[in-house]
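Trainee: One structure is given below, represented as structure tokens, and several questions about it will come after.
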Amino acid sequence: MISINSSWISASVLFLITSVVVSLTHYWYKWSHPKCNGKLPPGSMGFPLIGETIQFLIPSHSVDIPPFVKKRLSKYGKIFRTSIAGQPVVVSADHEFNYHIIQQEGKFVQLWYMDAFTALFEEHMDSLNKGIIHKYMKRTMANYVGLERVKGVIGRMEVMANQGLRSWSATKSPIEFKSSVVDMVAGFTLKEFCDYDTGLLEEKMSKKFAFLESMMSIPVNIPGTAYHKFMQSHKAALKLVRDILGARIKSRESDVTQQQPQRQPMIVLDQLIDDLKTTSEEFITESFIVIFLFSILLATLEPVSSVLTLAMVYLTDNPLVVKELKEEYERVLKNRENAGSGLTWTEYKSMTFTHQVVNETLRMSNTVPGLLRKVIKDIDVNGYVIPEGWTLVCLPSCLHFDPEIHEDPLVFNPWRWNGKPPTTKNLLAFGGGIRNCVGADYAKVMIGVTLHVLITKFSWTKIKGGEVCRMPVLRYPNGFHVKITEQDQTKTKASYKE
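Okay, here's the thing in structure tokens:
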């Protein structure tokens, strides 16, 4: 009897093990071979659930294309499949295909954000996926960051840079450049768009927005993870924006009570409050306005601070670039009728080499590591099919570091843009197609004006840091610590010291 029971138990265990192995094998096969109405691009889906996320997030200590992408481009070609954070993904480094597909918004693809960002929109995601919210945001912001508006703001940008750099030089001690730029740009942005003075805050804006380092993380909301840190630390920033909105609404209500003249919507916040009261769009709520303003800060702080920091790193290592910038600024000042007047739009447009430096830094920085789109209709490309529901990632970095387009692509060389204006065929720093960033001119001018003020009125000494890390967005793990010194304006001379 004991022998029979032992045999039965052994058979049951064997059957159970066999069933588990068969089930896992079947699941693994289904994971590795997703359904497709055709032939999938070559590649690997990695392990079930996590895919190739771990390999994707391995830091790369260079501005170059990450090894994760390089290895797969070499093995599979310009278009390959993978899985990141549970999402089936097709990655494309095919420039012609990328240029074509970003023009097909609403036909084959639609806007999509990383889960860490979409989590912030929560209740509005259905509208966001349809592009309704994005269209509203773009239309609204065009009135405040479009080219015509930038022309009138350039003087205030110069004041911002002067005040920021002067305050850093007054510390008599080194500053961490990127976080300092975040504080400066956040103060300017909130003043311009919300009429809010960040000088009232006890905590610096760079502290409130420290979660930016964890934004591109695996969406696992467990204590101790980078994503959990992101979701927790952004609450303070959201609270600040919520308080700003609440104070503005009360102030406007007070104006009505006291029969004050109605304010013209000269700032974004007033425009949003007006729309809240008058529009028929259901998604425009106080909660949405908070997220809208929050996204403006995100879209401004990270790109501008990263690009300006990288520009400083490259200028420190390239004295000939500093020399030519200095000569260009001297020509501008020499032709100025009133030596004490501020920078004009005409003067800024004449700074050809400044534009080249900005474009080259944008090319090298790749602040947008990938243009993300959700596929809404099967896409046929090069004999393969990208299935509906998958995520498509178009890589600007592969365009920016293509030696057939940019000679010696890893060399910082602003002169490469001499007589070669940036187009969507050689520079995709701010996206492309109908989703091209509406604030592109705003960001580029802010970077250019800050460089102008830095080189004409200040000098700097590198103390430590400046090493870059891409994971996949640009990071400075050791910061970039510099000593800023205001120059004697009777002996202006832009300089740096290693």
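Under this note's numbering, the sequence shown is numbered contiguously, ending at residue 1610. Ideal Cβ placement from N, Cα and C applies to all residues, glycine included.
Measure the alpha-carbon distance for residue 1574 versus residue 1555 and round it to whole angstroms.
Mentor: Each residue's Cα considered, the two are about 25 Å apart.
Trainee: Going by the beta-carbon positions, is the gap between residue 1194 and residue 1163 smaller than 8 Å?
Mentor: Yes, they are a contact pair.
Trainee: Which residues in the same chain as residue 1263 place their Cβ atom closer than 8 Å to its Cβ, once the five residues preceding and following it in sequence are excluded?
Mentor: 1457, listed in sequence order.
Trainee: Should residue 1335 be labelled buried (16 or more other beta-carbon atoms within 10 Å of its own) or exposed?
Mentor: Residue 1335 should be labelled exposed.
Trainee: Would you list the residues sitting across from residue 1201 in a DSSP beta bridge?
Mentor: 1194 and 1503.
Trainee: Taking 8 Å as the threshold (C-beta atoms), are residue 1281 and residue 1598 in contact?
Mentor: It is a contact, given that the beta carbons lie within the stated cut-off.
Trainee: Check whether the Cβ atoms of residue 1485 and residue 1504 sit closer than 8 Å, and answer yes or no.
Mentor: Contact: yes.
Trainee: Taking its Cβ as the centre, do 16 or more other Cβ atoms sit within 10 Å of residue 1551, making it buried, or is it exposed?
Mentor: Residue 1551 is buried by the Cβ-count criterion.
Trainee: What first and last residue would you give for the alpha helix (DSSP H) that runs through residue 1174?
Mentor: Element bounds for residue 1174: n/a, residue is neither H nor E.
Trainee: Is it true that the CB of residue 1405 sits closer than 8 Å to the CB of residue 1054?
Mentor: Lying outside 1113 to 1610, the shown extent of the chain, residue 1054 is not represented and no answer is given.
Trainee: Taking buried to mean at least 16 other C-beta atoms within 10 Å of its own C-beta, is residue 1422 buried or exposed?
Mentor: That one is buried.
Trainee: Compute the beta-carbon to beta-carbon distance between residue 1560 and residue 1467, rounded to the nearest angstrom, for a pair I have assumed lies under 8 Å.
Mentor: Correct: roughly 7 Å between the Cβ atoms.
Trainee: My output table needs one value for residue 1490: the three-state DSSP class, helix, strand or coil.
Mentor: Residue 1490: coil per DSSP, three-state reduction.
Trainee: Going by alpha carbons, who is nearest to residue 1197 out of 1160, 1182 and 1184?
Mentor: If we check each option's Cα against that of residue 1197, 1160 comes out closest.
Trainee: Buried or exposed: residue 1533, going by 16 or more other Cβ atoms within 10 Å of its Cβ?
Mentor: It is exposed - the Cβ of residue 1533 has fewer than 16 other Cβ atoms within 10 Å.
Trainee: Exposed or buried, which one is residue 1562 when buried takes at least 16 other CB atoms within 10 Å?
Mentor: Buried, by the Cβ-count rule.
Trainee: Cβ atoms of residue 1191 and residue 1496: under 8 Å apart, would you say?
Mentor: Yes, Cβ-Cβ distance for residue 1496 and residue 1191 is below 8 Å.
Trainee: Buried or exposed: where does residue 1431 fall if 16 or more other Cβ atoms within 10 Å of its Cβ makes it buried?
Mentor: Classification for residue 1431: exposed.
Trainee: Is residue 1433 closer than 8 Å to residue 1470 when the C-beta atoms are compared?
Mentor: Cβ distance not < 8 Å, so residue 1470 and residue 1433 don't count as in contact.
Trainee: What residues in its chain sit with their C-beta under 7 Å from that of residue 1096, if we drop five residues either side in the sequence?
Mentor: Lying outside 1113 to 1610, the shown extent of the chain, residue 1096 is not represented and no answer is given.
Trainee: Suppose only complete runs of 4+ residues qualify. What are the alpha helix (DSSP H) ranges in the segment 1418-1491, listed by chain order?
Mentor: Segments of the alpha helix (DSSP H) lying fully in the segment 1418-1491: 1431-1446, 1457-1462 and 1464-1477.
Trainee: Indicate the three-state DSSP secondary structure (helix, strand or coil) for residue 1241 in the structure shown.
Mentor: In this prediction, residue 1241 scores a pLDDT of 49, lower than 50, which makes its location untrustworthy; the coordinate-derived value is nonetheless stated afterwards. In the structure shown, residue 1241 sits in a helix (DSSP, three-state: H, G or I).
Trainee: Please classify residue 1550: does DSSP put it in a helix, a strand, or coil?
Mentor: The answer is coil: DSSP assigns residue 1550 none of H, G, I, E or B.
Trainee: According to DSSP, is residue 1581 part of a helix, a strand, or is it coil?
Mentor: Strand at residue 1581.
Trainee: Helix, strand or coil, according to DSSP, for residue 1164 in the structure here?
Mentor: In the structure shown, residue 1164 sits in coil (DSSP, three-state: anything other than H, G, I, E or B).
Trainee: Here's the rule: buried if 16 or more other CB atoms are within 10 angstroms of the residue's CB, otherwise exposed. What is residue 1228?
Mentor: With a pLDDT of only 46 at residue 1228, under 50, the local geometry of the prediction cannot be trusted, and the value read off the model is given with reservation. Buried, since its Cβ has 16 or more Cβ neighbours within 10 Å.
Trainee: Are the CB atoms of residue 1521 and residue 1472 nearer to each other than 8 Å?
Mentor: No; because the gap between Cβ atoms is not below 8 Å, this pair is not in contact.
Trainee: Could you check if residue 1320 is buried or exposed, using at least 16 other CB atoms within 10 Å of its CB as the buried criterion?
Mentor: Its Cβ being crowded by 16 or more others within 10 Å, residue 1320 is buried.
Trainee: Which residue or residues does DSSP assign as beta-bridge partners of residue 1594?
Mentor: The partner list for residue 1594 (beta bridge, DSSP) reads 1287 and 1574.
Trainee: For residue 1496, write down the residues that DSSP places opposite it in a beta bridge.
Mentor: Residue 1496 is bridged to 1493.
Trainee: I'd like to know whether the C-beta atoms of residue 1570 and residue 1277 end up nearer to each other than 8 Å.
Mentor: Contact: yes.
Trainee: Among 1222, 1170 and 1199, whose alpha-carbon lies nearest the alpha-carbon of residue 1491?
Mentor: Selected option, being the one with the closest Cα: 1222.
Trainee: Does residue 1271 come out as helix, strand or coil in the three-state DSSP assignment?
Mentor: If DSSP states are grouped into helix, strand and coil, residue 1271 belongs with the helices.
Trainee: Let me know if residue 1210 comes out buried or exposed under the rule of 16 or more other beta-carbons within 10 Å of its beta-carbon.
Mentor: Counting Cβ neighbours within 10 Å, residue 1210 comes out buried, since at least 16 surround it.
Trainee: Does the segment 1533-1543 come close enough to the segment 1390-1400 that 3 or more CB-CB pairs lie under 8 Å?
Mentor: They do not touch, by the three-pair rule.
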